[in-house]
Amino acid sequence: MDPLEQKKQAVLNQLMAIGTARRGQLSEQYFARKAADGTVRRTGPYYVWQRWVAGRKHSVRVPADAIAQVKAELAQGHQVQKLFDKLFAVMEQAAIRGDADIKK
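For the sequence shown, the tail end lands on 137 under the working numbering, and the numbers increase by one without skipping.
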């Protein structure tokens, strides 16, 4: 098998092994509220998952008991992005090699 095809299959296998993934980021938000006695109290943190979809920012509040899962899925999302970059590089190499074969 062609070495570039082997690299491509290896990256695709790694992608298939990833179960769930998310894009974006997890942010902590706090709110300042004035109490009845006039003091300002900070409440939170509230966790918000934010991402861009079709040019628009989407935000979803995440319950405290789901924070660990969301963080893990965001880390997997970063891994997916790295694998896509690697896959694209392999496919580009194949295209460049194909261009060289045409010129011969």
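Think of the CB as a built atom: it goes at the ideal place given N, C-alpha and C, for glycine as much as any other residue. From a predicted model like this one, the values you see are computed outputs, not experimental measurements.
Checklist entry - When you compare only the Cα positions, how much space is there between residue 89 and residue 82? => result Counted from its first residue, the sequence shown places residue 89 at position 56. Counted from its first residue, the sequence shown places residue 82 at position 49. Distance between the alpha carbons of residue 89 and residue 82: 14 Å.
Checklist entry - Would you say residue 77 and residue 58 are within 8 Å of each other, going by their C-beta atoms? => result Here residue 77 corresponds to residue number 44 of the sequence shown, with the count starting at 1. Here residue 58 corresponds to residue number 25 of the sequence shown, with the count starting at 1. In this structure, the beta-carbon distance from residue 77 to residue 58 does not fall below 8 Å.
Checklist entry - Going by other Cβ atoms of all chains shown within 10 Å of its Cβ, with 16 needed for buried, is residue 66 buried or exposed? => result In the sequence shown, residue 66 corresponds to position 33, counting from 1. Looking at its Cβ environment, which holds fewer than 16 other Cβ atoms inside 10 Å, residue 66 is exposed.
Item to check | Buried versus exposed, by CB contacts within 10 Å (16 or more), residue 106 | outcome: If you number the sequence shown from 1, residue 106 lands on position 73. Buried: at least 16 other Cβ atoms inside 10 Å.
Checklist entry - Along the chain, where does the alpha helix (DSSP H) that runs through residue 43 open and close? => result Start at 1 with the first residue of the sequence shown, and residue 43 comes out as number 10. Looking at the DSSP string, the run of the alpha helix (DSSP H) that includes residue 43 is 36-50.
Next on the checklist: According to DSSP, simplified to helix, strand and coil, what is residue 55?
Outcome noted: Residue numbering aside, residue 55 sits at position 22 when the sequence shown is read from its first letter. In this structure, residue 55 counts as coil in the three-state DSSP scheme.
Next on the checklist: Using C-beta distances below 7 Å, list every residue in its chain close to residue 139, excluding the 5 sequence neighbours before and after it, in chain order.
Outcome noted: The structure shown does not extend to residue 139, since the chain is modelled only from 34 to 137, so the question has no answer here.
Item to check | Nearest-angstrom Cα separation, counted from residue 98 out to residue 69 | outcome: By 1-based counting over the sequence shown, the position of residue 69 is 36. By 1-based counting over the sequence shown, the position of residue 98 is 65. Computed Cα separation, rounded: 30 Å.
Checklist entry - If you run the structure through DSSP and keep just helix, strand and coil, what is residue 65? => result Translated into the one-based positions of the sequence shown, residue 65 becomes position 32. Strand at residue 65.
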